[in-house]
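Engineer: Sequence order for the protein chains is A and B. Per my numbering, residue 9 is the first one in the first sequence, and the count goes up by one each step. Per my numbering, residue 232 is the first one in the second sequence, and the count goes up by one each step.
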Amino acid sequence: GAGVSQSPSNKVTEKGKDVELRCDPISGHTALYWYRQSLGQGLEFLIYFQGNSAPDKSGLPSDRFSAERTGGSVSTLTIQRTQQEDSAVYLCASSWGQEINEQFFGPGTRLTVL
Amino acid sequence: GNSVTQMEGPVTLSEEAFLTINCTYTATGYPSLFWYVQYPGEGLQLLLKATKADDKGSNKGFEATYRKETTSFHLEKGSVQVSDSAVYFCALVVPNTGNQFYFGTGTSLTVIP
Chain A
9 GAGVSQSPSN
19 KVTEKGKDVE
29 LRCDPISGHT
39 ALYWYRQSLG
49 QGLEFLIYFQ
59 GNSAPDKSGL
69 PSDRFSAERT
79 GGSVSTLTIQ
89 RTQQEDSAVY
99 LCASSWGQEI
109 NEQFFGPGTR
119 LTVL
Chain B
232 GNSVTQMEGP
242 VTLSEEAFLT
252 INCTYTATGY
262 PSLFWYVQYP
272 GEGLQLLLKA
282 TKADDKGSNK
292 GFEATYRKET
302 TSFHLEKGSV
312 QVSDSAVYFC
322 ALVVPNTGNQ
332 FYFGTGTSLT
342 VIP
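(1) For L244 of chain B, which residues of its own chain have a beta-carbon under 8 Å away from its beta-carbon, when the five flanking residues on both sides are left out?
(2) Considering only residues of the same chain and omitting the five flanking positions on each side of K283 of chain B, which have a CB-CB separation below 6 Å?
(3) Taking the continuous beta strand (DSSP E) assigned at P123 of chain A, which residues delimit it?
(4) Is any beta-carbon of chain A found at less than 8 Å from that of G335 of chain B?
(5) Going by CA-CA distance only, name the one from A:A10, A:K25, A:C100 that's closest to R72 of chain A.
(6) Which of helix, strand or coil does DSSP assign to E273 of chain B?
(7) What is the DSSP secondary structure of S314 of chain B, counted as helix, strand or coil?
(8) On the criterion of 16 or more Cβ atoms from any shown chain inside 10 Å, does D285 of chain B qualify as buried, or is it exposed?
(9) Using a Cβ cut-off of 9 Å, pull out every chain B residue sitting near P115 of chain A, in sequence order please.
(10) Does any CB atom of chain A fall closer than 8 Å to the CB of L244 of chain B?
(11) How long is the line joining the alpha carbons of P69 of chain A and E247 of chain B, rounded to whole angstroms?
And the structure:
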């Protein structure tokens, strides 16, 4: 596709359930990022992939959060045993290579935990 | 550590008014600086960037100058339009640190006719 896509666009779940969020980066982009945007907050960095490896997992807020990337393309962010404080918009971005480059953002997944 | 501080919003201006959104940063090393914009219902997109001191980034009538002496990257536009209504995010990335971006909290701008 022409841009970064994310699915689902909206997800409502009950507290305690697991959720999976998907990101399809721009074809050829080797770097992929996950951010969380909470109401009234800035973008909180979660994790970064270069290819399939994640050199920086420091932003994951707890061990309930995990992410993987396969084939250097699609990435999934998994939140286990969701809590109400996990409610936020989860943004994915991708960019070329390891040099500092513009990040292209997807439209986000709005997660609501009831 | 690395961080970005930008002015609190929301900001409301009349059309054709002058806009300044302040952004200051702290960084270990020599960061590249960015402004991203998020229009209503859309994803973030790059507005402009500057990669070294005294560089000026510009796009769509917006400008920002990388000021190392004041660690600032203030966003300015001489005459705003209704279509500029959006949330603006200042961000930095320090080379050779994994390309992690540090974003400010965003400043909401509303331009009224």
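Heads up, the beta-carbon is just placed ideally off N, CA and C, and yes, glycines get one too.
Structural biologist: Taking the coordinates as given:
(1) L250, V311, L340, T341, V342, I343
(2) none
(3) Residue coverage of chain A in this structure runs from 9 to 122, which leaves residue 123 of chain A outside it and unanswerable.
(4) yes
(5) A:K25
(6) coil
(7) helix
(8) exposed
(9) G272, E273, G274
(10) no
(11) 43 Å
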